[in-house]
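The structure appears below as C-alpha cells.
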Amino acid sequence: MFPLERQKKILELLMIKKVLKISELTEELQVSVDTLRRDLNLLTKQGKIEKIYGGIKLVESKFGESTIDERMVSHLEEKESIAQKCCEYINDGDCIYIDSGSTTYQIAKYIKDKKKLTVVTNSIPVVNELLTSDVELIIIGGKVRQNEKSVVSYDYLFNFHELNISKAFICASGITIEKGISDYNLEETVTRKKMIELSKEVYVAVDSTKFNKDVTVGVASLDKIDYIITDHHLNKNFIPKFEKTSTNLIISE
144 MFPLERQKKI
154 LELLMIKKVL
164 KISELTEELQ
174 VSVDTLRRDL
184 NLLTKQGKIE
194 KIYGGIKLVE
204 SKFGESTIDE
214 RMVSHLEEKE
224 SIAQKCCEYI
234 NDGDCIYIDS
244 GSTTYQIAKY
254 IKDKKKLTVV
264 TNSIPVVNEL
274 LTSDVELIII
284 GGKVRQNEKS
294 VVSYDYLFNF
304 HELNISKAFI
314 CASGITIEKG
324 ISDYNLEETV
334 TRKKMIELSK
344 EVYVAVDSTK
354 FNKDVTVGVA
364 SLDKIDYIIT
374 DHHLNKNFIP
384 KFEKTSTNLI
394 ISE
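The numbering of the sequence shown is the numbering used here, which starts it at 144 and goes up by one.
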C-alpha cells in the first residue's frame with residue numbers, strides 16, 4: 144500500500160472509530176511502527192489528526208464545516224447511492240456542471256461510459272477522476288482553495304456566460320424550506336450561483352444530514368432548484384413539506 148493510500152485509510156478508520164490506538168493501526172495496515180509514525184507525523188502536520196496518549200484522533204473542525212478529506216469518507220454509502228441516482232438524469236451528449244462537493248464528486252465515478260459528454264467543473268478531484276476517460280473536461284479558471292481541492296472564480300477571471308450548461312449538479316451544506324440551500328464559504332457560492340443562473344436544469348445532490356440546516360451563506364431559494372436528490376435516511380416529515388414547493392424531491396434507494 145502506498146503512503147497516500149495508507150493515510151486515506153487512517154482517516155477513513157478515524158471517521159468510524161474517532162480514536163485509534165497505535166497498535167490497532169499497525170495491525171490493520173500491516174506496517175511497522177516507524178512507517179506508521181511517518182504517516183501520522185504528516186497527517187498531524189497537515190492538521191488532519193491529533194496525537195493523544197497511545198493513539199490518535201481526528202482534529203475537530205473549528206468553524207462548522209468539516210474538511211473535504213473528512214467529507215469524502217463520511218456517509219459514503221449514501222453519497223454513492225445519490226450519485227448513481229443523479230446519473231440516471233445524465234444523457235449522452237449532455238454538457239453538465241459538477242460542483243466541488245464530496246457527494247457531487249461521486250457522480251464522476253459513474254459517468255465514464257457516457258458518450259460525447261462534456262463536464263464543466265471547479266473540482267480538482269473530479270478532474271483527476273475523469274482525466275483518463277473520454278469525457279471532455281472544462282475546468283473553471285481562478286484561485287485554488289487547497290484545503291477544499293477546488294477552484295473559486297469571478298466574472299473577471301472566467302467568462303461564465305460562454306458556457307451552455309444543460310444540467311448543473313450542485314452541492315450544499317444546508318437545506319431548509321424557508322431559505323433554500325446554503326453553504327459555509329462565500330467564494331464557493333459565487334460559482335454555484337452562476338451555475339444555477341446559467342443551467343437549464345438544476346440538481347442539488349446532498350445527503351440527508353444537510354436538511355433542516357441554514358448555514359453561513361445563502362446560495363439559492365428552492366424556486367431556483369428543479370430537483371433535490373438525497374438518500375433514504377431523510378426524515379419522512381420533510382417529504383410533505385416539499386410537495387408544497389416547485390422543487391422535486393427524489394430519494395435514492
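Glycine residues also receive a C-beta, built at the ideal position from the N, C-alpha and C atoms.
Between which two residues does the alpha helix (DSSP H) containing K337 stretch? Counted as a single uninterrupted DSSP element, the alpha helix (DSSP H) harbouring K337 occupies residues 329-341.
My assumption, with CB atoms under 8 Å, is that K353 sits in contact with I308. Please give the rounded CB distance. Contact between K353 and I308 is absent: CB atoms are separated by about 23 Å, not below the 8 Å threshold.
Query - Cβ neighbour criterion (16 or more within 10 Å) applied to K205 - result: For K205, the pLDDT reaches just 46, beneath the cut-off of 50, and the residue's location in the model is therefore unreliable, leaving the point undetermined.
_Buried or exposed, going by whether 16 or more other CB atoms sit within 10 Å of the CB of V347?_
Classification for V347: buried.
Within the chosen definition, does the stretch 248-255 reach the stretch 222-237 through at least 3 CB pairs nearer than 8 Å? Yes: at least three Cβ pairs fall under 8 Å.
**OP:** State buried or exposed for Y248, treating a residue as buried only when at least 16 other CB atoms are found within 10 Å of its CB.
**Re:** Flag for Y248 reads buried.
ask   = When you compare only the Cα positions, how much space is there between T246 and T275?
value = About 21 Å.
query: Exposed or buried, P383, counting other C-beta atoms within 10 Å across all chains shown (16 or more means buried)?
result: Exposed: under 16 other Cβ atoms inside 10 Å.
8 Å contact criterion, which F134 and L329 should meet: CB distance rounded: The requested residue 134 does not occur in the structure, where the chain is confined to residues 144 to 396.
Please classify H218 as buried or exposed, where buried requires at least 16 neighbouring CB atoms within 10 angstroms.
Burial state of H218 is buried, judged by a 10 Å Cβ sphere holding 16 or more other Cβ atoms.
| query | If you check the beta carbons only, do L102 and I199 fall under 9 Å apart? | reply | Missing from the structure shown is residue 102; the chain here goes from 144 to 396 and no further.
Exercise. How would you label Y297, buried or exposed, when you count the other beta carbons within 10 angstroms and need 16 or more for buried?
Worked result: Exposed is the call here.
Item to complete: Could you please give the first and the last residue of the uninterrupted beta strand (DSSP E) stretch that includes V362?
Response: Here the beta strand (DSSP E) through V362 covers 360-363.
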